[in-house]
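Number 359 in the UniProt record's numbering belongs to position 359 of the sequence shown; there are no gaps in the numbering.
Comments concern the structure below.
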Amino acid sequence: MRGPSLKDRLKWQGTLSLTHLVIPSELKRSWKAVATEVAEKDRAGTALAFRWPLTQEERREIKERFTDARRIRAEETAEIAVGAGMRKVAQLIDSCFESALAPGTVKIYRRVQKEFLDFIRRFGVPVSALHKLRNVYVAHLIEKERLKSLGCHVAALAHFFGPLPSEDEEILRALLRGAKRTTSPPRHRKKATQKDVDTVIAWALQKKSFAGVAGAVMILFLFAAFLRVGELCELRVSGISRKGNDIWWLNIRRSKTDQAAQGAKVAFRLGEQALILWSVFENLLPPSSEQYIFSRTSKAPSRDVVARRIKGILDQAGLQHRKLTTHSFRGGAATTAIRSGLHSANIMRAGRWRSTEAFFCYIDLSPL
1 MRGPSLKDRL
11 KWQGTLSLTH
21 LVIPSELKRS
31 WKAVATEVAE
41 KDRAGTALAF
51 RWPLTQEERR
61 EIKERFTDAR
71 RIRAEETAEI
81 AVGAGMRKVA
91 QLIDSCFESA
101 LAPGTVKIYR
111 RVQKEFLDFI
121 RRFGVPVSAL
131 HKLRNVYVAH
141 LIEKERLKSL
151 GCHVAALAHF
161 FGPLPSEDEE
171 ILRALLRGAK
181 RTTSPPRHRK
191 KATQKDVDTV
201 IAWALQKKSF
211 AGVAGAVMIL
221 FLFAAFLRVG
231 ELCELRVSGI
241 SRKGNDIWWL
251 NIRRSKTDQA
261 AQGAKVAFRL
271 GEQALILWSV
281 FENLLPPSSE
291 QYIFSRTSKA
301 PSRDVVARRI
311 KGILDQAGLQ
321 HRKLTTHSFR
331 GGAATTAIRS
341 GLHSANIMRA
351 GRWRSTEAFF
361 CYIDLSPL
């Protein structure tokens with residue numbers, strides 16, 4: 001005997017742990033043992049394994065319910081390559097949607113995917129309503145005032161589940177337009193100034209400890225090269241070079257906005273005291289050119305570790321009253337450049353801002 005149909009099994013088993021479908025009362029009476037097992041697994045928070053074996057055709061039907069049509073087509077294309085003995089080509093096709101994004105972006109998208117799947121567990125609706133649940137999830141984020149990350153969540157859902165149908169897409173656009181109208185203006189963090197950086201450099205040169213000098217160089221690079229903390233962590237000894245009396249080039253291998261992993265170069269100037277600080281620090285660097293500048297191991301330091309070190313340096317240098325954060329230096333450098341009369345397009349290029357909207361969130365108010 002083959003057993004119940006695939007449709008009934010999906011109803012009892014909660015659509016493969018993605019959503020929990022409502023079990024009608026007549027089915028509960030007819031299949032009491034199955035319903036009891038579903039309830040026990042649901043209370044335990046675990047997925048219910050298949051009670052009956054599935055044919056290959058049934059597995060394909062299940063997969064089509066949860067997989068973006070583009071990914072299914074890519075898998076079919078990869079199977080053609082496998083049939084011709086081109087397994088490496090098939091792997092490239094099969095993983096093309098993941099390899100098209102930076103690893104850090106994929107990691108963030110997977111976190112959003114997990115959060116979304118956990119969210120829709122509460123709804124007793126069929127999986128065919130997945131498009132509607134995506135808009136329910138976006139509305140939930142808006143209701144929770146998680147507005148800054150809305151774009152990331154929408155992009156992540158589109159990456160894993162494909163584009164929305166036209167009607168659902170219109171609902172999504174209306175939700176995003178409404179959220180934009182109610183979004184509060186950006187809250188500007190305290191901006192660092194050149195005076196703050198000079199204070200840290202003077203303290204480090206007087207202290208003459210390795211930790212103090214290294215921390216001051218971190219702050220110097222954040223300000224002078226418009227660096228993000230993640231970019232600072234990835235700096236290597238070979239990434240910095242002198243091109244003139246006071247002109248330096250910094251090679252940034254990994255960046256948040258560099259999806260194609262092409263890298264970027266930033267040119268900046270160092271003043272007299274900053275040059276002295278760098279000379280002291282340069283003598284303490286490891287001989288290997290591929291070594292991370294701010295790590296004594298073969299691994300790059302984490303952003304949390306670097307952030308704590310910078311906070312400690314600021315406190316020791318007597319700047320705790322300024323309430324500066326790691327974001328204060330990138331925004332402070334951009335604000336200083338704007339006030340000195342530099343064109344915003346050149347500053348955006350140096351700081352690797354992709355849009356004026358994102359750029360202006362970093363700029364402090366300046367009187368005309």
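Beta carbons are placed, not taken as given, at the ideal position from N, Cα and C, and that holds for glycine.
Predicted model, so just to flag it, every value in this text is computed and none were measured.
- Return the chain-ordered ranges of every alpha helix (DSSP H) run that is complete within the segment 65 to 134 and spans a minimum of 4 residues. Here the runs fully enclosed are 69 to 83, 87 to 94, 96 to 99 and 103 to 119.
- Spatial neighbours of Val138 within its chain, please: CB distance less than 6 Å, with the 5 preceding and 5 following residues excluded, ordered by chain position. Excluding residues within five positions, the ones whose Cβ falls inside 6 Å are Leu175.
- Message: Strictly under 8 Å for the Cβ-Cβ distance: is Leu270 near chain C by that measure?
- Response: Checking the listed chains, one finds no chain C in this structure; it contains a single protein chain.
- Message: Just to confirm the assignment, what range does the beta strand (DSSP E) spanning Asn251 have?
- Response: Looking at the DSSP string, the run of the beta strand (DSSP E) that includes Asn251 is Ile247 to Ile252.
- Task: State the CB to CB distance for the pair Phe268 and Ala225, rounded to an integer number of angstroms; the pair is presumed to be in contact (CB under 8 Å).
- Result: Contact flag correct, Cβ pair sits at about 5 Å.
- If you follow the alpha helix (DSSP H) that Arg349 is part of, which residue opens it and which one closes it? From DSSP, the alpha helix (DSSP H) with Arg349 extends over Ser344 to Gly351.
- Return the CA-CA distance between Leu324 and Arg308, expressed in angstroms with no decimal places. Each residue's Cα considered, the two are about 12 Å apart.
- Looking at Asp94 and Ala84, is the spacing between their C-beta atoms short of 8 Å? Not a contact, by the Cβ cut-off of 8 Å.
- Compare the beta carbon distance of Leu150 and Ala179 with 8 Å and say whether it is the shorter of the two. In this structure, the beta-carbon distance from Leu150 to Ala179 falls below 8 Å.
- If you pair each beta-carbon of the segment 333 to 346 with each one of the segment 356 to 366, do three or more pairs fall below 8 Å? In short, these stretches touch, since the Cβ pair count reaches three.
- Query: Where does Ala264 sit, in a helix, a strand or coil, going by DSSP?
  - Reply: Residue state, collapsed to three classes: strand.
- Burial state of Gly331 (16 or more Cβ within 10 Å): With 16 or more Cβ atoms within 10 Å of its Cβ, Gly331 is classed as buried.
- Query: Using DSSP with H/G/I as helix, E/B as strand and the rest coil, what is Ser241?
  - Reply: Ser241 falls in the strand class under three-state DSSP.
- Task: Kindly indicate which three-state DSSP category Phe50 falls into: helix, strand or coil?
- Result: Note that Phe50 scores 41 on pLDDT, short of 50, meaning its location in the model is unreliable; the coordinates nonetheless yield the value given after this. DSSP, read as helix, strand or coil, puts Phe50 in coil.
- Query: Do the CB positions of Trp248 and Lys265 come within less than 8 Å of each other?
  - Reply: Not closer than 8 Å, so no.
- Item | Proximity winner among His140, Arg70, Lys195 and Val213, relative to Phe116 (alpha-carbon distances) | The residue from His140, Arg70, Lys195 and Val213 with its alpha-carbon nearest to that of Phe116 is His140.
- Item | Paired residues, beta bridge with His292 - DSSP | As written in the sequence, residue 292 is Tyr, which differs from the His given in the question. DSSP lists Arg236 as partners of Tyr292.
- Message: I'd like to know whether the C-beta atoms of Val306 and Met218 end up nearer to each other than 8 Å.
- Response: It is a contact, given that the beta carbons lie within the stated cut-off.
- Task: Name the one or two DSSP bridge partners that Arg269 has.
- Result: Note: Arg269 is bridge-paired with Ile247 in the DSSP secondary-structure output.
- Task: Pull up the distance between the alpha-carbon of Asn135 and that of Arg111, whole angstroms please.
- Result: C-alpha separation (whole angstroms): 18 Å.
- Between the segment 311 to 320 and the segment 198 to 212, do three or more beta carbon pairs fall short of 8 Å? Verdict: yes, contact present.
- Task: Measure the CB-CB distance between Ala350 and Phe223 and report whether it falls below 8 Å.
- Result: Taking a C-beta distance under 8 Å as the contact criterion, Ala350 and Phe223 do not qualify as a contact pair.
- Tell me whether Cys361 sits in a helix, a strand or coil according to DSSP, three-state version. It is coil, neither helix nor strand.
- Where Gln153 and Phe221 are concerned, what is the direct C-alpha to C-alpha distance, given to the nearest angstrom? For the record, residue 153 in the displayed sequence is His; it is not Gln. Going by the C-alpha atoms only, they are around 32 Å apart.
- Task: Given a cut-off of 8 Å, decide if His321 and Arg189 are closer than it, judged by their beta-carbon atoms.
- Result: Going by C-beta atoms, Arg189 is not nearer than 8 Å to His321.
- Message: I need the boundaries of the alpha helix (DSSP H) containing Phe226, first residue and last residue.
- Response: For Phe226, there is no enclosing alpha helix (DSSP H), since its DSSP letter is neither H nor E.
- Whose CA, out of Ala155, Ile252, Lys88 and Leu270, lies closest to the CA of Lys243? Nearest in C-alpha terms to Lys243, of all of Ala155, Ile252, Lys88 and Leu270, is Leu270.
- Since I believe Leu235 is in contact with Ile293 (beta carbons under 8 Å), could you give me their beta-carbon distance rounded to a whole number of angstroms? Ile293 to Leu235, Cβ: 5 Å. Contact.
- Are the CB atoms of Ile201 and Glu231 nearer to each other than 8 Å? Not in contact: Ile201 and Glu231 (Cβ atoms no closer than 8 Å).
- Message: For a test of your reading of the model: does the CB of Leu314 fall under 7 Å from any non-hydrogen atom of the ligand SAM? Yes or no.
- Response: In terms of ligand content, the structure shown is empty, and the ligand SAM therefore cannot be addressed.
- Message: If contacts are defined as beta-carbon pairs under 8 Å, then Ala81 and Gln113 qualify, I think. What distance do you get, rounded to the angstrom?
- Response: The Cβ separation is near 27 Å, so there is no contact.
- Query: Which of helix, strand or coil does DSSP assign to Thr326?
  - Reply: If DSSP states are grouped into helix, strand and coil, Thr326 belongs with coil.
- Can you give the Cα-Cα distance for Val22 and Gly124, rounded to whole angstroms? Only weak support is given to the placement of Val22: the predicted model assigns it a pLDDT of 49, under 50, and the question is left unresolved by the model.
- Query: In terms of residues, what are the limits of the alpha helix (DSSP H) holding Ser298?
  - Reply: Where Ser298 is concerned, there is no enclosing alpha helix (DSSP H), given that its DSSP letter is neither H nor E.
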